[in-house]
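The numbering of the sequence shown is numbering that gives the first Met the number 0, which starts it at 0 and goes up by one.
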Amino acid sequence: MSSHRQDSTRRLAAPDITARKGKTPIVCLTAYTSPMAEILDDHCDLMLVGDSVGMVIHGLPNTVGVTLEMMILHGQAVMRGSRRAMVVVDMPFGSYEGAAETAYANAARLMKETGAQAVKVEAGETIAANIEYLVKRGVPVMGHVGLRPQAVLVDGGFRAKGRAAEERRRILEDARATAEAGAFAVVVEGVAEGLAREITEAIEVPTIGIGASAGCDGQILVTDDMLGLFDWTPKFVRRYADLRTEISQAVGRYADDVRARRFPGPAEIYFAKAG
Ligand code: KIV
């Protein structure tokens with residue numbers, strides 16, 4: 000149990016997160032299902048229904064194949080399981096980069112059908128006009144700069160960004176453009192040490208780091224990574240549990256009990272009423 004158990008019942012929203020700039024670090028994790036959202040809700044300020052759901056839950060090789068319908072289903076599940084943390088739903092690849100009107104129609108659909116408090120887009124100077132269009136029409140937007148998983152097919156892999164001066168400058172400009180367009184917070188993913196701090200100092204809204212150092216206003220991880228559900232995790236993940244091993248051992252014990260006819264036992268069966 001975290002020492003900072005949430006006590007209020009009002010659900011947090013974009014202005015609450017923005018107001019945390021430079022204050023107590025903002026605690027964020029990904030969530031895709033109702034039971035997990037219920038557990039995380041006690042501890043998190045913000046839950047992201049990330050398009051990482053495609054890789055974590057659906058076994059896709061990257062996030063490019065994730066659809067609006069998948070995001071809606073998982074967004075609904077997370078909203079049902081939570082009551083206090085702000086819920087942000089990722090806009091999937093292809094749903095927000097074109098015409099601003101299309102981005103708005105898709106964002107509005109995500110918000111209406113899930114009840115979530117905001118959407119997230121992989122941002123940059125090229126997307127800034129669409130962010131402004133959405134925010135001005137009532138859609139709170141969270142940006143995402145640095146390593147952008149939806150650009151994996153252009154970049155050729157999930158590699159840390161901002162090691163060279165020109166790339167650092169571009170990522171800083173992406174973050175500035177995203178914040179100036181009206182994003183309420185910006186995720187900074189997989190950037191070389193120091194750049195996240197520079198971005199945090201340069202923009203007026205909170206930065207949420209993932210593989211971006213402690214120099215951010217908050218942190219996020221993929222929950223399944225930090226719980227140890229995968230054999231491999233990126234360098235920046237700290238494993239707080241080893242659930243893969245625990246699950247495998249538990250399932251092994253169940254299989255042994257079934258094969259030895261030790262399960263079910265007297266405590267796990269129904270008896271007929273006397274008479
Ligand atoms: O999709 C996702 O889970 C994300 C986080 C890694 C920030 O974008």
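Glycine included, each C-beta is placed from N, C-alpha and C at the ideal position.
Taking 8 angstroms as the cut-off, does the CB of residue i come closer than this to any heavy atom belonging to the ligand FAD?
i, result
"His143", "No copy of the ligand FAD appears in this structure; the ligands present are the ligand KIV."
Using three-state DSSP, classify residue i as helix, strand or coil.
i, result
"Ser2", "At Ser2, the pLDDT of 49 sits below 50, so the modelled position is not reliable; the number obtained from the coordinates is stated separately. Ser2 falls in the coil class under three-state DSSP."
"Leu67", "helix"
"Met225", "helix"
"Lys111", "helix"
"Asp89", "strand"
"Ala271", "coil"
"Val280", "Because the chain spans 0 through 274 in this model, residue 280 falls outside it and cannot be assessed."
"Glu121", "coil"
"Ile16", "helix"
"Ala176", "helix"
"Glu188", "strand"
"Gly208", "strand"
"His143", "strand"
"Thr244", "helix"
"Thr199", "helix"
"Leu47", "strand"
"Gln116", "coil"
By a C-beta neighbour count over all protein chains shown, 10 Å radius and 16 as the cutoff for buried, is residue i buried or exposed?
i, result
"Pro139", "buried"
"Tyr95", "buried"
"Lys278", "The chain is shown from 0 up to 274; residue 278 falls before or after that span and cannot be answered."
"Pro91", "buried"
"Phe183", "buried"
"Ala102", "buried"
"Val52", "buried"
"Pro205", "buried"
"Ile170", "buried"
"Thr8", "exposed"
"Ala271", "exposed"
"Arg261", "exposed"
"Ile81", "The identity of residue 81 in the sequence shown is Ser, whereas the question assumes Ile. Buried, since its Cβ has 16 or more Cβ neighbours within 10 Å."
"Leu152", "exposed"
"Ala128", "exposed"
"Gln116", "buried"
Please confirm whether any heavy atom of the ligand KIV lies closer than 8 angstroms to the CB of residue i.
i, result
"Ile209", "yes"
"Gly64", "no"
"Pro148", "yes"
"Lys135", "no"
"Gly156", "no"
"Thr232", "no"
"Gly123", "no"
"Val52", "yes"
"Gly49", "yes"
"Thr29", "yes"
"Ile130", "no"
"Val221", "yes"
Between residue i and residue j, how many whole angstroms is the CB-CB distance? I'm expecting something under 8 angstroms.
i, j, result
"Glu121", "Gln149", "5 angstroms"
"Met78", "Ile16", "Incorrect: roughly 17 angstroms between the Cβ atoms, too far for contact."
"Leu226", "Val236", "Between Val236 and Leu226 the Cβ distance is about 10 angstroms, and since that is not below 8 angstroms, they are no contact."
Item to check | contact_flag[the segment 247-263, the segment 53-69] where n(CB pairs < 8 angstroms) is 3 or more | outcome: As far as the Cβ criterion goes, the segment 247-263 does not touch the segment 53-69, which means the pair count is below three.
Item to check | Meets three-Cβ-pair contact criterion under 8 angstroms: the segment 174-194 and the segment 205-217 | outcome: Yes: the two stretches touch, three or more of their Cβ pairs being nearer than 8 angstroms.
Checklist entry - Per the contact definition of three or more C-beta pairs closer than 8 angstroms, is the segment 165-184 in contact with the segment 128-142? => result Flag = yes, the segment 128-142 and the segment 165-184 touch.
Next on the checklist: Three or more C-beta pairs under 8 angstroms: does that hold for the segment 97-113 against the segment 124-133?
Outcome noted: With three or more CB-CB distances shorter than 8 angstroms, the segment 97-113 counts as touching the segment 124-133.
Item to check | Cβ contact check for the segment 22-31 and the segment 41-48: 3 or more pairs under 8 angstroms | outcome: Output reads yes: the segment 41-48 touches the segment 22-31.
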